[in-house]
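There are 2 protein chains.
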Amino acid sequence: MRAAFIRHTGPVENLVVAELPDPEPGPGQALVRVRAAAVNPIDTYVRSGAVAMDLPSPFVVGCDLAGDVAAVGPGVADLRPGDRVWGSNQGLLGRQGTFAELAAVDACWLYPLPDGVSYESAAASALVGLTAQLGLAEHAGLTRGETLFVNGGSGGVGSVVVQLAKAAGARVVVATGGRDKVDYCRGLGADAAIDYTHQNVGAELARLAPQGVDVWWETSRAPCLSTAVHALAPRGRLVLMAGRDARPEFPIGPFYAKCCKALGFVMFLESPDVQRRAAETINGRLAAGQLAVPIAHCGPLEETPALHHWQHAHTVLGERPLRGKLLVAP
Amino acid sequence: MRAAFIRHTGPVENLVVAELPDPEPGPGQALVRVRAAAVNPIDTYVRSGAVAMDLPSPFVVGCDLAGDVAAVGPGVADLRPGDRVWGSNQGLLGRQGTFAELAAVDACWLYPLPDGVSYESAAASALVGLTAQLGLAEHAGLTRGETLFVNGGSGGVGSVVVQLAKAAGARVVVATGGRDKVDYCRGLGADAAIDYTHQNVGAELARLAPQGVDVWWETSRAPCLSTAVHALAPRGRLVLMAGRDARPEFPIGPFYAKCCKALGFVMFLESPDVQRRAAETINGRLAAGQLAVPIAHCGPLEETPALHHWQHAHTVLGERPLRGKLLVAP
Chain L
5 MRAAFIRHTG PVENLVVAEL PDPEPGPGQA LVRVRAAAVN PIDTYVRSGA VAMDLPSPFV
65 VGCDLAGDVA AVGPGVADLR PGDRVWGSNQ GLLGRQGTFA ELAAVDACWL YPLPDGVSYE
125 SAAASALVGL TAQLGLAEHA GLTRGETLFV NGGSGGVGSV VVQLAKAAGA RVVVATGGRD
185 KVDYCRGLGA DAAIDYTHQN VGAELARLAP QGVDVWWETS RAPCLSTAVH ALAPRGRLVL
245 MAGRDARPEF PIGPFYAKCC KALGFVMFLE SPDVQRRAAE TINGRLAAGQ LAVPIAHCGP
305 LEETPALHHW QHAHTVLGER PLRGKLLVAP
Chain W
5 MRAAFIRHTG PVENLVVAEL PDPEPGPGQA LVRVRAAAVN PIDTYVRSGA VAMDLPSPFV
65 VGCDLAGDVA AVGPGVADLR PGDRVWGSNQ GLLGRQGTFA ELAAVDACWL YPLPDGVSYE
125 SAAASALVGL TAQLGLAEHA GLTRGETLFV NGGSGGVGSV VVQLAKAAGA RVVVATGGRD
185 KVDYCRGLGA DAAIDYTHQN VGAELARLAP QGVDVWWETS RAPCLSTAVH ALAPRGRLVL
245 MAGRDARPEF PIGPFYAKCC KALGFVMFLE SPDVQRRAAE TINGRLAAGQ LAVPIAHCGP
305 LEETPALHHW QHAHTVLGER PLRGKLLVAP
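So the sequences go chain by chain: L and W. 176 is the number that the working numbering gives to position 172 of the first sequence; each next residue is one higher, with no gaps. 267 is the number that the working numbering gives to position 263 of the second sequence; each next residue is one higher, with no gaps.
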């Protein structure tokens, strides 16, 4: 099969697109013919070694996939050849990734792809959708009628948080940078969008949510926790899943005086059962047309190095715009 | 009745001990003949105005009490004159306090005093016991076999956290300052005690809890969250209920990568039902001899200004040692 892989962690140049032996489905696994796979920032961190993980060699990159079951290994009862599936959690914790024509995936990480939903849509929603839904439902415990704020509403995770929170009945306010992104966030369903390039987020939130925000979803790599804690309502929840190197000041007094919580999490450390619950909600939203993750670009497997470059230039360097997900269709 | 009260917030000198009209129990209230009342740091903050609250005038200070029901108002079914009771949550949120011969208290905040437990023991355990138990059970969700660390194991809340966590089956490590306090914490049941005056807390914890601590209970007014987050185990919980003016650096990366939570809370914002659940556990511990809050001093009501002075000198100025609670017996 054709695959995008590395033999050693390092720069984009370490990525090779070439032939590898077809994988075989082991016990409990399905062999998936990959129809679409999405790039996530963590793909670039694992590839570069910035996030240290035990990796097989060669190591196929990529977490997300959607495709068709080609075969199943021993002990797989719920999947059959021909089933349309999607999933994430690959290319992590020692598992092979998804940027290949075939992937052998533990069945616990595969979910049925609803009729009428494309492979591309499902792959684009996989990691970001699971992250958003896990954070909203399992961590923040968002309830109907609450106000949620997303700092970075146009980003990969942020844009899904907006849609899933709206579908869950929340009022959604975002901050984002620039007129285009404000319009983009409104198009995703945000009730209000603050343009941080010329508006003060704290002051605008005091106007838009004078009772405070119930959930503050932080996506910035350099968050201001003073603004966040100040804006939180009593019993507010602060969701943290980005900002790897950030060490902002944390105002403890108002945080505990308002009985707030800060909830850190990483999607891929959640259990298969918890993730399946999130996937079921995502399937419902996808099928109902309440979730549509924009796709910025979808190319052949050969473009994987270029897409890693683009993702890094956008997420880490802030040099290249990206409005939606980067995909390959192997 | 004799009472310790203020007419305006301000320094200790504003505290007057004199006669006030006897209160009458309103609907849903019990009139309690106060046998013991304990000083807590928040008493001094409310009195000084450092914590702004709506206060009646005159305002009787104090949160904690233990005593006998003298009479009940309309609609009180569960309490009868002569019942021995204890409670907290008074002198807060517009309610009158407990430093008086009589207090009219909403019955929802009163708990039965177990046979064989003294008024002094119950009053001394009230606010600190409820705080500790609420934090351990309702927020941190401490489970048997987990490792809990208390930064400040000899303090008012810390010393109760040690005892309640031990009684709940946790392994307990503390940090405290000086040989005497180390011995004191061991006497309370701590499995290990770090003396931060000449030991490095992070390094000692790495040795004592190489898998990380499951719950870090912070009581310092100037916490180091870098040390705390570094020491937390995967899915560790950081309990925050002190450090009103602290703004330490918060290392977001390791916090979310380990799926940690920071849990802020204030005891008196919890509901009566939740607090009653905590009080029932405390009663069980008191009756079983598993909880004994040391009493540093118990004097007459007239000593209230001196005790406020002592509490402030200890907690805020760090000038005067205090090993246990300060009480009055009106």
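Where is the CB? At the ideal position from N, CA and C, for every residue including glycine.
### Message
In the DSSP assignment, the alpha helix (DSSP H) including residue 144 of chain W goes from what residue to what residue?
### Response
Indexing the second sequence from 1 puts residue 144 of chain W at position 140. From DSSP, residue 144 of chain W is part of no alpha helix (DSSP H); its letter is neither H nor E.
### Message
Here's the rule I'm using: 16 or more other beta-carbon atoms within 10 Å means buried, otherwise exposed. How should residue 312 of chain W be labelled?
### Response
As a working note, residue 312 of chain W is residue 308 in the second sequence. Under this definition residue 312 of chain W is a buried residue.
### Query
What residues from chain L crowd round residue 245 of chain W, counting only those whose CB sits closer than 8 Å?
Locating residue 245 of chain W in the second sequence gives position 241, where the first residue counts as 1. Here the neighbours are 260.
#### Entry: Host beta strand (DSSP E) of residue 115 of chain W (start-end)
The sequence position of residue 115 of chain W within the second sequence is 111, counting from 1. Residues 114-116.
### Message
Using 8 Å for Cβ pairs, my map puts residue 289 of chain L next to residue 115 of chain L. What's the rounded Cβ distance?
### Response
In the first sequence, the residue the question calls residue 289 of chain L occupies position 285. In the first sequence, the residue the question calls residue 115 of chain L occupies position 111. Between residue 115 of chain L and residue 289 of chain L the Cβ distance is about 13 Å, and since that is not below 8 Å, they are no contact.
### Message
Less than 7 Å between the C-beta atoms of residue 3 of chain L and residue 64 of chain L, yes or no?
### Response
The structure shown does not extend to residue 3 of chain L, since chain L is modelled only from 5 through 334, so no value can be given for it.
### Query
From the beta carbon of residue 228 of chain L, is the nearest beta carbon of chain W less than 7 Å away?
Within the first sequence, residue 228 of chain L is the residue found at index 224, counting from 1. No, residue 228 of chain L does not count as interfacial toward chain W.
### Query
Could you give the residue range of the beta strand (DSSP E) that holds residue 336 of chain W?
Residue 336 of chain W is absent from the structure shown; chain W starts at 5 and stops at 334.
### Task
Please list the segments of the beta strand (DSSP E) lying wholly inside the stretch 48-133 of chain L, counting only runs of 3 or more residues, in order along the chain.
For the stretch 48-133 of chain L, whole beta strand (DSSP E) runs of length 3 or above, ordered along the chain, are 69-76, 88-91, 106-110 and 114-116.
### Query
Could one say the Cβ of residue 276 of chain L lies closer than 7 Å to chain W's Cβ atoms, at least one of them?
Counting from 1 along the first sequence, the entry for residue 276 of chain L is found at position 272. Contact with chain W is absent for residue 276 of chain L, since none of that chain's Cβ atoms lies less than 7 Å from the residue's Cβ.
### Query
When we look at the beta-carbon of residue 47 of chain W and count the other beta-carbons within 10 Å, is it buried (16 or more) or exposed?
Stepping through the second sequence from its first residue, residue 47 of chain W is reached at position 43. With 16 or more other Cβ atoms within 10 Å, it is buried.
### Task
Please report how far the alpha carbon of residue 150 of chain W lies from the alpha carbon of residue 270 of chain W, in whole angstroms.
On the second sequence, position 146 is the one that residue 150 of chain W refers to. On the second sequence, position 266 is the one that residue 270 of chain W refers to. Each residue's alpha carbon lies about 24 Å from the other.
### Entirely enclosed beta strand (DSSP E) segments - the stretch 148-209 of chain L, minimum 3 residues
Correct list: 151-155, 175-180 and 196-199.
### Task
Would you list the residues sitting across from residue 330 of chain W in a DSSP beta bridge?
As a working mapping, residue 330 of chain W is identified with position 326 in the second sequence. Paired residue(s): W:301.
### Task
Answer yes or no: do residue 95 of chain L and residue 33 of chain L have a C-beta to C-beta separation smaller than 7 Å?
Reading the first sequence from its first residue, position 91 is the one you call residue 95 of chain L. Reading the first sequence from its first residue, position 29 is the one you call residue 33 of chain L. It is not a contact, given that the beta carbons lie outside the stated cut-off.
### Query
Using a Cβ-Cβ cut-off of 7 Å (strictly less than) and excluding sequence neighbours within five positions of residue 322 of chain L, which residues of its own chain qualify?
Taking the first sequence and counting its residues from 1, one reaches residue 322 of chain L at position 318. Cβ neighbours of residue 322 of chain L beyond the five flanking positions: none.
### Task
Flag this pair as yes or no: are the beta carbons of residue 132 of chain L and residue 154 of chain L separated by less than 7 Å?
As a first step, residue 132 of chain L is located in the first sequence; it is residue number 128 there, counting from the start. As a first step, residue 154 of chain L is located in the first sequence; it is residue number 150 there, counting from the start. Contact: no.
### Test item: CB-CB of residue 174 of chain L and residue 146 of chain L under 7 Å
Translated into positions along the first sequence, residue 174 of chain L becomes position 170. Translated into positions along the first sequence, residue 146 of chain L becomes position 142. In this structure, residue 146 of chain L lies closer than 7 Å to residue 174 of chain L by Cβ.
### Task
Output the distance between the C-alpha atoms of residue 309 of chain W and residue 258 of chain W, rounded to the nearest integer angstrom.
Locating residue 309 of chain W in the second sequence gives position 305, counting from the first residue. Locating residue 258 of chain W in the second sequence gives position 254, counting from the first residue. Answer to the nearest angstrom: the Cα atoms are 46 Å apart.
### Message
Counting only beta-carbon separations shorter than 7 Å, does residue 248 of chain L have a partner in chain W?
### Response
For the purposes of this step, residue 248 of chain L is identified with residue 244 of the first sequence, where counting begins at 1. Cβ-Cβ to chain W under 7 Å: yes for residue 248 of chain L.
#### Entry: Bridge partner(s) assigned by DSSP for residue 217 of chain L
By 1-based counting over the first sequence, the position of residue 217 of chain L is 213. Answer is L:236, bridged to residue 217 of chain L.
### Query
CB-CB under 8 Å to residue 291 of chain W, same chain, minus the five flanking residues each way: which ones, in chain order?
Taking the second sequence and counting its residues from 1, the one referred to as residue 291 of chain W is at position 287. The residues 118, 119, 120 and 121, in chain order, have a CB closer than 8 Å to that of residue 291 of chain W in the same chain once the five nearest residues on each side in sequence are set aside.
### Query
Are residue 236 of chain W and residue 206 of chain W closer than 7 Å when you measure CB to CB?
Residue 236 of chain W sits at position 232 when you count from the first residue of the second sequence. Residue 206 of chain W sits at position 202 when you count from the first residue of the second sequence. Result no, Cβ atoms of residue 236 of chain W and residue 206 of chain W do not sit closer than 7 Å.
### Query
What whole-angstrom Cβ distance do residue 327 of chain W and residue 298 of chain W have, given they're in contact under 8 Å?
Residue numbering aside, residue 327 of chain W sits at position 323 when the second sequence is read from its first letter. Residue numbering aside, residue 298 of chain W sits at position 294 when the second sequence is read from its first letter. Under the criterion of beta carbons closer than 8 Å, residue 327 of chain W and residue 298 of chain W qualify as touching, at roughly 6 Å.
### Query
Who are the neighbours of residue 263 of chain L on chain W, taking C-beta pairs under 7 Å?
Walking along the first sequence from the start, residue 263 of chain L turns up at place 259. Here the neighbours are 268, 269, 270 and 273.
### Message
Does any residue of chain W have a CB that is nearer than 7 Å to the CB of residue 15 of chain L?
### Response
Looking up residue 15 of chain L in the first sequence gives position 11. Chain W contact via Cβ: absent.
### Task
On the DSSP bridge assignment, give the partners of residue 279 of chain W in chain order.
Working through the second sequence from its first residue, we reach residue 279 of chain W at position 275. None, per the DSSP bridge assignment.
### Query
Who are the near neighbours of residue 278 of chain L in its chain, counting only those whose CB is closer than 8 Å to its CB and skipping five residues on each side?
On the first sequence, position 274 is the one that residue 278 of chain L refers to. The answer, listed in chain order, is 138 and 142.
### Task
Can you have a look at residue 29 of chain L and say buried or exposed, based on whether 16 or more other CB atoms are within 10 angstroms of its CB?
To locate residue 29 of chain L, count along the first sequence from 1; it is residue 25. In this structure residue 29 of chain L is buried. Its beta-carbon is surrounded by 16 or more other beta-carbon atoms within 10 angstroms.
#### Entry: Supposed close pair residue 66 of chain L, residue 41 of chain L - CB separation, criterion 8 Å
Indexing the first sequence from 1 puts residue 66 of chain L at position 62. Indexing the first sequence from 1 puts residue 41 of chain L at position 37. Contact flag correct, Cβ pair sits at about 5 Å.
### Query
Residues of chain L with a CB under 8 Å from the CB of residue 251 of chain W: which are they?
Working through the second sequence from its first residue, we reach residue 251 of chain W at position 247. Correct list: 230, 253, 254, 255 and 256.
### Task
Please go through the same chain and pick out, in chain order, the residues whose beta-carbon is closer than 7 Å to the beta-carbon of residue 208 of chain W, but skip the five residues on each side of it.
If you number the second sequence from 1, residue 208 of chain W lands on position 204. Within the same chain, 198 come within 7 Å of residue 208 of chain W by CB-CB distance, once the 5 residues on both sides are set aside.
### Message
Are the CB atoms of residue 246 of chain L and residue 231 of chain L within a distance shorter than 7 Å?
### Response
For the purposes of this step, residue 231 of chain L is taken as the residue at position 227 of the first sequence. For the purposes of this step, residue 246 of chain L is taken as the residue at position 242 of the first sequence. No. Outside cutoff.
### Task
Helix, strand or coil for residue 310 of chain W, going by three-state DSSP, please let me know.
Residue 310 of chain W sits at position 306 when you count from the first residue of the second sequence. Assignment of residue 310 of chain W by DSSP, reduced to helix, strand and coil, places it in the helix class.
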